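Visitor: Submitted below is the structure of interest, expressed as structure tokens.
Residue numbers (the working numbering), protein chains in the order written: chain A, -12 to 421; chain B, -12 to 421.
So this is what it looks like as structure tokens:
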């Protein structure tokens, strides 16, 4: 990888997400050689991806070049690399671009969509964990409507206008809200010769409430907001399969649809080379102690979604979202510095700053540790928090500008099929004589 | 295509570029049924594509949804369609999504990159006529530098940092300028462990001056600006081939490079079904009379790049750029309306509003009919004109915001490899022991 050897110990970080970046920032110029590896050359802001998928934002404005984050750091190296495996015996990282020795290794590979082993669903469902995936969803939504215009088969048209979102977590809820806004404000104008009222947005939740990581109150409010927007919310229903045409469930309920977006589960983006014992079977996350040390390894740490730290408050590990990742990254930086100074590491303690979700225009639910609220004010809080969490002034400004414009104009101008998702099935040539 | 029959005559427009859109706008609510067909669901602003390719702008901010343009028009239908052929005998358009009868047909398919039959160059060169192509160039530029970091083979590294632009027209010149700005302000910070001084930007022009459609003075100034920026300008040299590694020319000059961007020629994006006699062999454009009627057809018109109208001032047709396209579109609209009202059509007369090109920061050349100038003021004029030619307030605002930011910060934050262009050749595993 052409990383020069130097006298400082080498810390290798795998992953430039929330965890990896916040760690990297805190390790800046600290008598360490830091190597950051990522599959992409950008950090992306996952919480706003659903707006890219629904044409509200450009992908570029929620992504930020990693090299720009680390530009000024000394003894810091970024490499665009796809890491396959860790050789824990020889303390080596094995990637597509070569191997690299490490003194300390930090796994911050995050999580990926979990289809719980159902290959057919994995093949036929859309996932939304990466920017290209969000762009594929954007293209598919629009392609569906373009296609719906062309068919005279009522069933086919209906299934093209029928959207099924599996999973009632924040992503599914926010996506459903955004789709409902498109249905209300944009699609009827864009497709006057389609009856957009026939468009259906189904949100399917296996549990008995949506946003089940939030307060009961938030769940109820969010569900009400969605129903007001015309979203069909289905609870206590588990999707069993999707063959590309029909969604089957564990009830007698089924859906004919051309589009299933799967947000019903994630699992750790695990690397090869770890002991069975150090990974948690169900979620495929790495078990870590209170110092984020991976069970069974002294020099390997894991932070963020990939790590599961069992605590009293969180017996199954911290929630797989931005806050724990950021806090673990910052905390680990301090611990690594303690370590190389032969000081005692400090245990990680998660400060829950609360969580929130937005449902279309003017509506959101916010759970703060001491204070829970919803509605317009919550929506402003949501916008404020997300805007200021974006890296970089330009992204903040562009996103803000887009939001103001979209709000005033009830519009989303990024409804562009720049990279078509599906090969258009050429419709059998019918000439329009009548 | 599910277009209802109606009592008004049907005008079918193929292509939503400058020509097609300006025609469509003028045919709004005019007792005509208008059907607009395009391969893409967006209109894109070609003059700024080079900034997408060099990470200065998001693709979405130079593209605009066609459906939004025509939203309010009556008896107006847009279809996402790839037209293959015209059945001139039965007055039918034949597309991937079906057939459609027309009363009047307007070909506004624009132009595509012309490799003059050299298949190997077509395979190995990058073109920049579409947004996906610009994004591919963006990805490739960045991928080259990421790869240059990894190799110890000096020749390979050099060829990865060596850029060859073929064609000294506005596109080639503006792209060269933008690359030179990246070399100066961004790449040294992003790639501190590469010697960016070794990056070469070669602009090859077959003629004896660049920007040969502009004034001698503009050519000289532009060349000086480029040389000041460190661009190598090669004149009177014709590229003969590129095998993916080495560019050969009609002189003993050759270039070892991983990247050749071809802007050296365009040809009409011709459709099947036309008489030989009605197409101009060399440029593959449709010969039209002064009413933009395609030679040999009364009800078929062609406007913009695809049309070549031989006049005294322009014996080989008008320049293939935005202005003639826009003016022909507007003029044809008036003529079609005259036609259906049994009035005489008026001949088209091109009003040359001048042309301009920008070369990096603060520098541009502007030729107005009565007044030619260059430098900082020209650069402001260039920005002003391009900003206000963009469709849509939001795009204007976002582009302006980006420009201000990029200018103040000497930056381009859209340097993101969102869709990798090349499969990374996995480098033979070398461990870094030393």
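Note that beta-carbon positions come from the ideal geometry of N, C-alpha and C, so glycine has one too.
Computed from a prediction, not measured in an experiment: that's the story for all the values here.
1) To the nearest angstrom, how far is it from the Cα of residue 271(A) to the Cα of residue 231(A)?
2) For residue 378(B) versus residue 56(B), is the C-beta distance shorter than 8 Å?
3) Name the chain A residues whose beta carbon is nearer than 8 Å to that of residue 424(B)?
4) Which residue comes first and which comes last in the beta strand (DSSP E) that contains residue 76(B)?
5) Quick one, are the C-beta atoms of residue 97(A) and residue 293(A) less than 8 Å apart?
6) Which first and last residues belong to the beta strand (DSSP E) in which residue 149(A) is found?
7) Since residue 147(A) meets chain B, which of its residues come closer than 7 Å, beta carbon to beta carbon?
8) Residue 138(B) by DSSP, collapsed to three states: which one?
9) So is residue 192(A) buried or exposed if we call it buried at 16+ other beta carbons inside 10 Å?
10) Who are the Cβ neighbours of residue 287(B) in its own chain at under 6 Å, not counting the five residues just before and after it?
11) Which whole-angstrom value is the C-beta distance of residue 44(A) and residue 406(A), which I expect to be below 8 Å?
12) Could I get the ranges of all uninterrupted beta strand (DSSP E) runs contained in the stretch 193 to 253 of chain A, with 3 residues as the minimum, in chain order?
13) For residue 307(A), collect the residues of the same chain with a Cβ closer than 7 Å to its Cβ; drop the 5 residues on either side in sequence, then sort them by chain order.
14) So which residues of chain A does residue 176(B) contact, with C-beta pairs closer than 9 Å?
15) For a contact meaning CB atoms closer than 8 Å, what does residue 48(A) contact in chain B?
16) Which residues mark the beginning and the end of the beta strand (DSSP E) in which residue 354(A) is found?
17) Answer with buried or exposed for residue 33(A), where buried requires no fewer than 16 other C-beta atoms within 10 angstroms of its C-beta.
18) Is residue 384(A) close to chain B? Criterion is C-beta to C-beta, closer than 8 Å.
19) Output the distance between the C-alpha atoms of residue 115(B) and residue 144(B), rounded to the nearest integer angstrom.
20) Quick check on the DSSP output: the beta strand (DSSP E) that includes residue 272(B) runs from which residue to which?
21) Output needed for residue 267(B): all residues of its chain with C-beta closer than 7 Å, excluding positions within five of it in sequence on either side, in chain order.
22) Report yes or no: do three or more beta-carbon pairs, one from the stretch 83 to 91 of chain B and one from the stretch 99 to 107 of chain B, lie closer than 8 Å?
23) Mind listing the chain B neighbours of residue 401(A)? Cutoff is C-beta to C-beta under 7 Å, in chain order.
24) Curious, which full-length beta strand (DSSP E) runs of at least 3 residues does the stretch 76 to 113 of chain A contain?
25) Looking at chain A, which residues of the stretch 117 to 129 of chain B have a Cβ within less than 7 Å of any of its Cβ atoms?
26) Using only CA atoms, which one of 75(A), 215(A) and 321(A) lies nearest to residue 331(A)?
27) For the 8 Å Cβ check, are there 3 or more pairs between the stretch 239 to 256 of chain A and the stretch 136 to 155 of chain A?
28) State the Cα-Cα distance for the pair residue 317(A) and residue 14(A), rounded to the nearest angstrom.
29) State the DSSP-derived secondary structure class of residue 2(A), mapped to helix, strand or coil.
30) Comparing C-alpha positions only, which one of 339(A), 345(A) and 366(A) sits nearest to residue 357(A)?
31) Tell me which same chain residues have a C-beta within less than 7 Å of the C-beta of residue 106(A), skipping the five on either side of it?
32) By Cβ distance, which residues of its chain are closer than 7 Å to residue 52(A), with the 5 residues on each side in sequence left out?
33) Under the assumption that residue 3(A) contacts residue 23(A) (Cβ atoms under 8 Å), give the Cβ distance between them as a whole number of angstroms.
34) Would you give the residue range spanned by the beta strand (DSSP E) that residue 373(A) belongs to?
35) Excluding the 5 residues flanking residue 463(B) on each side, which residues of the same chain have their C-beta closer than 6 Å to its C-beta?
36) Taking the straight line between their C-alpha atoms, what separation do you get for residue -8(B) and residue 75(B)?
Guide: Taking the geometry as given:
1) 27 Å
2) yes
3) Lying outside -12 to 421, the shown extent of chain B, residue 424(B) is not represented and no answer is given.
4) Neither: residue 76(B) is in no beta strand (DSSP E) and is coded neither H nor E.
5) yes
6) 149 to 153
7) Residues of chain B passing the Cβ test: none, with the nearest at roughly 13 Å.
8) Reduced to three states, the DSSP call for residue 138(B) is coil.
9) buried
10) 92 and 281
11) That belief does not hold up - the Cβ atoms of residue 44(A) and residue 406(A) are roughly 16 Å apart, past 8 Å.
12) 219 to 221, 226 to 229, 233 to 236, 241 to 243 and 246 to 249
13) 98, 253 and 292
14) One finds 54, 55, 58 and 59 in chain A with Cβ atoms closer than 9 Å to the Cβ of residue 176(B), taken in chain order.
15) 45
16) That run of the beta strand (DSSP E) goes 351 to 354.
17) buried
18) yes
19) 24 Å
20) Its beta strand (DSSP E) spans residues 272 to 274.
21) 274 and 295
22) Flag = no, the stretch 83 to 91 of chain B and the stretch 99 to 107 of chain B do not touch.
23) 47
24) 79 to 82, 85 to 88, 91 to 94 and 98 to 100
25) So the list reads 118, 119 and 129, given in the order they occur along the chain.
26) 321(A)
27) yes
28) The straight-line gap from Cα to Cα measures roughly 9 Å.
29) coil
30) When each option's Cα is compared against that of residue 357(A), the closest is 339(A).
31) none
32) So the qualifying residues of the chain are 28 and 29.
33) 6 Å
34) Segment 363 to 376 is the alpha helix (DSSP H) holding residue 373(A); no beta strand (DSSP E) there.
35) In the structure as shown, chain B starts at -12 and stops at 421, and residue 463(B) therefore has no counterpart that could be examined.
36) 20 Å
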